[in-house]
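Encoded as structure tokens, the structure appears first; notes follow it.
Residue numbers (our numbering): 372 to 1073.
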């Protein structure tokens, strides 16, 4: 008590200023201690969860591993797109001992920029890609170098065994496995499956010490196409040869099953290898069957005449005054290539009369013509399972002027896609019924269940009578002779076909006028014409030279594709079908001489065998006159080891017809290498190989 009183008396004895400073200091210390206590309480209690999450983020990270991407298979189960393992190189910058030395070594082994490597290795991140999808030799060199912090991992890489086969159709997947174009883009969600995911605990060096919360990967689904790889290959080859030989800008061909709408082949040129997707951009490649629209020209006369027959305003045998090939509407004069005074409705198709098509359209009238075109599918998407499909343009018929009615009748003034033309034509081959064109038969999940199927529609767009009338009309286009059709110079070996040629001036995008010497050559047809199985449309964009007509440029592609495809499908040939000898008297004479020599040989052989049977001890040798090297004798090459495309090229060069059996590489042929008359059918058997994917160059990190 005495002490307390002494302290009080001591304070009382201090100056007032000192007393205030003491009280303030005491208060500040008290507040500071209270603040520290409150903050400690907040850290321990109120903000504990927040800091716990922050700590987890620093030491635990979620790792995702892509699932194996699903395969894309053709109609017979042959792989068109598959996923293979590839090695990729990454770095943990924090574990790199010597940045400069490591950067120089990586740059040397992988052919990369040293400065870029040094910047990447100096990153504060725990992970950075160095190079992805490297070659086996590069991966082995990196392993041998044993660079601290540099690791190798295996990740899936998309591989396209057919290389350029159907490239624009399939599209491609990016380096991270995401679909970027074509079917790869359209079915990306189903193809990529579900990624594996787990939480990884990092130690001080950034390495994974513990994994928790694992979610297993679910492999992507498998897409089964209607495309047949063999038909796709032969279509690619025929189209590519035509585009290159005519110096054309581009080309497209579509093959449809007329009874189902299934797409058997869809070829675009230029094409590209999806394994090297940068080539697609450089070549301007795209799936022109759905992305490009054209004024298709005289091919449209098929639908002008079909609409008129459907409406009952004409008959196939009705005679029309076609004005000797010159007809004036207002200030415009329309001309035909031929100067026929009169033609039947069928003859208007056969001779490709613009005047006749105009007069038919005038009788049909705007309203009925427009209604028919929209019913046939023009101006609307077909609904095929592809991105970027165009609709084409068909103006409302009520707004057509007289001149538009006239030009639309022969394929100018409206735009269409090749697929629209193919599907509308295919309906004529199936009794008037249109089927939704489709590329995908089904998508099957990893568990074997079907997870997606196309929604298909069938509807009647022509009367059955119209379809039946149009088939012989279209067959007339292949008639040869002085008054033959516009494809009279073309032979579909072994089959009778029908169709329509088209040669259209192209619109100059700058002047908005039709260019004088820029053309679109096309052909659309059905085969066999008596009982159609397939519809084929071929469009060649801007062929060069004097042979720019559809009958000269596109019809031969049609003939090759049809003949090869029908043989491949096992469709019996037609003995009454026209042959090359029917068109070329010299070739016919050469064949007759060859047949006579063959008959003489057969008789001599029979005589020799009969003599040998009568007298076993006597052998008679019959000397026949030497066979001259006639124009119809050609060499049969050895096809073994060749791809379908290469075999087709060899056959065309040799003057032979190839009968494709199977896919892959040629393993057998009949007849064997030797000599035979031109036009001989050589049956070549192909078998799929199992060669591993070729190594690809590493991409620089992005």
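All C-beta atoms in this analysis are idealised placements derived from N, C-alpha and C, irrespective of residue type, glycine included.
Proximity test, Cβ basis, 9 Å: residue i and chain D
i: residue 521; result: No chain D is part of this structure, which consists of one protein chain only.
Cβ neighbours of residue i in the same chain (closer than 7 Å, five flanking residues each side left out)
i: residue 467; result: 473, 492, 519 and 520
i: residue 903; result: 629, 800 and 897
i: residue 932; result: 605, 606, 609, 624, 626 and 907
i: residue 489; result: 470, 471 and 474
i: residue 834; result: 681 and 803
i: residue 824; result: 813
Environment of residue i [buried if 16+ CB atoms lie within 10 Å]
i: residue 730; result: buried
i: residue 885; result: exposed
i: residue 646; result: buried
i: residue 759; result: exposed
i: residue 702; result: exposed
i: residue 686; result: exposed
i: residue 530; result: buried
i: residue 1053; result: buried
i: residue 947; result: exposed
i: residue 690; result: exposed
i: residue 913; result: buried
i: residue 840; result: buried
i: residue 724; result: buried
i: residue 697; result: exposed
i: residue 899; result: buried
i: residue 980; result: The pLDDT assigned to residue 980 is 49, lower than 50, so where the model puts this residue is not dependable; a value taken from the coordinates is nonetheless given after this. Counting Cβ neighbours within 10 Å, residue 980 comes out exposed, since fewer than 16 surround it.
i: residue 769; result: exposed
Cβ shell of residue i (< 6 Å), same chain only, five flanking positions each side left out
i: residue 1039; result: 1056
i: residue 464; result: 492 and 494
i: residue 499; result: 462 and 491
i: residue 391; result: none
i: residue 636; result: 602, 603, 606 and 626
i: residue 611; result: 640
i: residue 532; result: 450
i: residue 356; result: Because the chain here runs from 372 to 1073, residue 356 falls outside it and cannot be looked at.
i: residue 1009; result: 1044
i: residue 485; result: 474, 475 and 478
i: residue 858; result: 848, 849, 872, 922 and 926
i: residue 707; result: 696, 724, 725 and 726
i: residue 756; result: 557, 810 and 811
Identity of the residues DSSP links to residue i by a beta bridge
i: residue 461; result: 500 and 522
i: residue 1007; result: 1045
i: residue 853; result: Answer is none; residue 853 lacks a bridge partner.
i: residue 871; result: 895
i: residue 806; result: 829
i: residue 692; result: 713
i: residue 608; result: Answer is none; residue 608 lacks a bridge partner.
i: residue 454; result: 529
i: residue 1055; result: 1031 and 1040
i: residue 786; result: 764
i: residue 706; result: 697
i: residue 595; result: 444 and 813
i: residue 623; result: 639 and 910
i: residue 876; result: 890
i: residue 550; result: 544
i: residue 505; result: 458
i: residue 397; result: DSSP, once it has assigned bridges, lists no residue as partnering residue 397.
i: residue 472; result: Per DSSP, none; premise fails for residue 472.
i: residue 823; result: 814
Whole-Å CB distance - residue i paired with residue j, under 8 Å assumed
i: residue 673; j: residue 777; result: Not quite, the Cβ-Cβ distance comes to about 17 Å (not below 8 Å), so this is no contact.
i: residue 916; j: residue 617; result: 6 Å
i: residue 596; j: residue 940; result: About 16 Å separates the two Cβ atoms, so there is no contact after all.
i: residue 566; j: residue 588; result: 6 Å
i: residue 1028; j: residue 934; result: 7 Å
i: residue 548; j: residue 440; result: 5 Å
Nonlocal neighbours in the same chain, by C-beta distance under 8 Å from residue i, ignoring five residues either side
i: residue 480; result: 509, 512, 513 and 516
i: residue 821; result: 813, 814 and 815
i: residue 830; result: 804 and 805
i: residue 394; result: none
i: residue 598; result: 445, 446, 451, 537, 540, 634, 635, 636, 637 and 810
i: residue 711; result: 693, 695, 696, 718, 722 and 724
i: residue 844; result: 676, 687, 716, 717, 720, 721 and 869
| Quick one: complete beta strand (DSSP E) runs, 3+ long, within the region 626-690? | Here the runs fully enclosed are 634-640.
| message | If we require 3 or more residues per run, which beta strand (DSSP E) segments fall completely within the region 882-958? | response | The DSSP assignment places 885-898 and 905-912 as complete runs of the beta strand (DSSP E) inside the region 882-958, in order along the chain (cut-off: 3 residues).
| said: Going residue by residue through the region 725-753, where are the continuous alpha helix (DSSP H) segments of at least 4 residues, counting only ones entirely within it? | reply: Listed in chain order, the complete alpha helix (DSSP H) runs (minimum 4 residues) inside the region 725-753 are 725-735 and 737-746.
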